[in-house]
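Below is one structure, written out as structure tokens, with a few remarks after it.
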Amino acid sequence: MQRIKKDKIISTQPFSGKTAVITGASSGIGMATALALAQNGAAVVINARRKDRLDKLSKEILSAGGKALVVPGDAGRVPDIERLLKDTLDWKEGGRKYDFVIVNAGRGIAGGLMTSDESVWEDIYRINVLGAAHLMRRAAKYMVQEKRGSIVAVGSVVGRHVSPFSSFYGSSKFAITAVAEGLRREVAPAGVRVSVVMPGIVLSGFLDVAGYTQENFGKNVAQFGKLLEPQAIADGIVWLLSQPPHVNVSEIMIRPTGQTYP
Ligand SMILES: NC(=O)c1ccc[n+]([C@@H]2O[C@H](COP(=O)([O-])OP(=O)(O)OC[C@H]3O[C@@H](n4cnc5c(N)ncnc54)[C@H](OP(=O)(O)O)[C@@H]3O)[C@@H](O)[C@H]2O)c1
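To convert a position in the sequence shown, counted from 1, into the working numbering, add 29.
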């Protein structure tokens, strides 16, 4: 992952004066995206449950001359989501609010419908679908009033192509992809953009949390060659947010080149 060099964040960067909220910023794609947005000048509000990791990331951004606000919390709980949005609004240093909201927090689960651990199913939907939708609804209300803003939901290739190996997790990403596209149609007339980024296989904490091992995963994906680092997804997010306000890249899929399926 790219790290920020000291004094790299200067006020002429493309996102200077803008504020970005990023959920799931304590690891993987969210952390790489927070760093990339900060590196491009955005003031970043970083959220996840592991505060120690957020504090470390914030320190790194501050020491490079950027702005960061840590708001720990559970992205699947409405009171925590509301606190995240309120603390963002109250953040004096943060400049203009809610230019970008990156709805990234999520978790996976190894196995198909017959083999995955049923006791995790509710948690998957609570975070990946309900929490994401509650955040998108609240951020969109604010953006519609302001007549600007961009929401990026992190979906998945298995939210577009059904995989028998992760069908339950994939169904949560199908759901949030549909929610995001529905929201895009609601808010587009107000000049608000909504995008879904669908990653293929990314090396991050996701694989451990989901319970993937060499046996149930590594062996099957070895044929795909080099897998993605979180930076590849962060770069895609920065690119789509860099488009002029009248250009909405509503979907991108980013896979390792060798990933044939899903
Ligand atoms: N890695 C892949 O192959 C892949 C592929 C397609 C899509 N995705 C999606 O990409 C997104 C990011 O995943 P990743 O690959 O970066 O995995 P990761 O390294 O495990 O990061 C997941 C992030 O989500 C946060 N999170 C999980 N549950 C949360 C909760 N209840 N409340 C707040 N934050 C929570 C984690 O922070 P805390 O644990 O500190 O709360 C962590 O920061 C997810 O939506 C995932 O479904 C990943």
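Idealized CB from N, CA, C, for every residue including glycine.
Given the structure is predicted, the values throughout are model-derived calculations rather than measurements.
Using CA atoms only, rank isn't needed, just tell me which of the options is closest to residue i.
i: Q68; options: P43, V74, I58, A77; result: P43
i: M282; options: S56, P291, T117; result: P291
i: E89; options: V132, R112, A65; result: A65
i: D109; options: K170, L83, H163, G234; result: H163
i: G124; options: G102, L212, E244, V73; result: V73
i: L98; options: A71, A261, R155; result: A71
i: L257; options: G229, L113, D237; result: G229
i: A161; options: P259, T206, Q260; result: T206
i: P193; options: G46, A139, H275, Y127; result: A139
i: F129; options: K47, P274, P101, A93; result: K47
i: R213; options: V276, S200, A61; result: V276
i: G105; options: L91, I153, A63, K85; result: I153
State the Cα-Cα distance for the pair residue i and residue j, rounded to the nearest angstrom.
i: V186; j: I131; result: 18 Å
i: V165; j: K121; result: Sequence inspection shows Met at residue 165; the Val mentioned does not correspond to that position. M165 and K121: Cα-Cα distance of roughly 23 Å.
i: V231; j: K170; result: 32 Å
i: G265; j: G247; result: 25 Å
i: E175; j: E215; result: 15 Å
i: G57; j: P218; result: 33 Å
i: G184; j: M227; result: 5 Å
i: G134; j: F197; result: Contrary to the premise, residue 134 reads as Ala rather than Gly in this sequence. Distance between the alpha carbons of A134 and F197 is about 17 Å.
i: L118; j: L83; result: 19 Å
i: G240; j: E210; result: 30 Å
i: F306; j: V107; result: Coverage of the chain is limited to positions 30 through 291, which leaves residue 306 absent and any answer about it impossible.
i: V173; j: A251; result: 45 Å
i: V208; j: R78; result: 24 Å
i: A49; j: G178; result: 10 Å
i: S145; j: N245; result: 11 Å
i: G220; j: G141; result: 39 Å
i: R189; j: V181; result: 16 Å
i: L159; j: V223; result: 17 Å
i: S87; j: T52; result: 14 Å
i: N157; j: E151; result: 10 Å
i: Q243; j: G287; result: 18 Å
i: Q272; j: M143; result: 43 Å
i: Y127; j: S195; result: 33 Å
i: L114; j: D103; result: 13 Å
i: R155; j: A54; result: 18 Å
i: I332; j: S200; result: The shown model of the chain, from 30 to 291, leaves out residue 332, and the question about it has no answer.
Could you have a look at residue i and say whether DSSP puts it in helix, strand or coil?
i: F129; result: strand
i: N69; result: coil
i: L118; result: helix
i: A209; result: helix
i: A104; result: coil
i: L256; result: coil
i: I75; result: strand
i: V231; result: strand
i: H190; result: coil
i: L142; result: coil
i: G287; result: coil
i: A261; result: helix
i: G137; result: coil
i: P274; result: coil
i: T62; result: helix
For the beta strand (DSSP E) that residue i lies in, which residues bound it at each end?
i: R222; result: 222–228
i: T52; result: 48–52
i: I283; result: 280–283
i: A97; result: 97–99
At which residues does the alpha helix (DSSP H) containing residue i begin and terminate?
i: L236; result: 235–239
i: S307; result: A query on residue 307 cannot be resolved here, the shown segment of the chain reaching from 30 to 291 and no further.
i: I153; result: 150–154
i: L91; result: 80–92
i: E147; result: Note, E147: premise wrong, no alpha helix (DSSP H); not H, not E.
i: A169; result: 161–175
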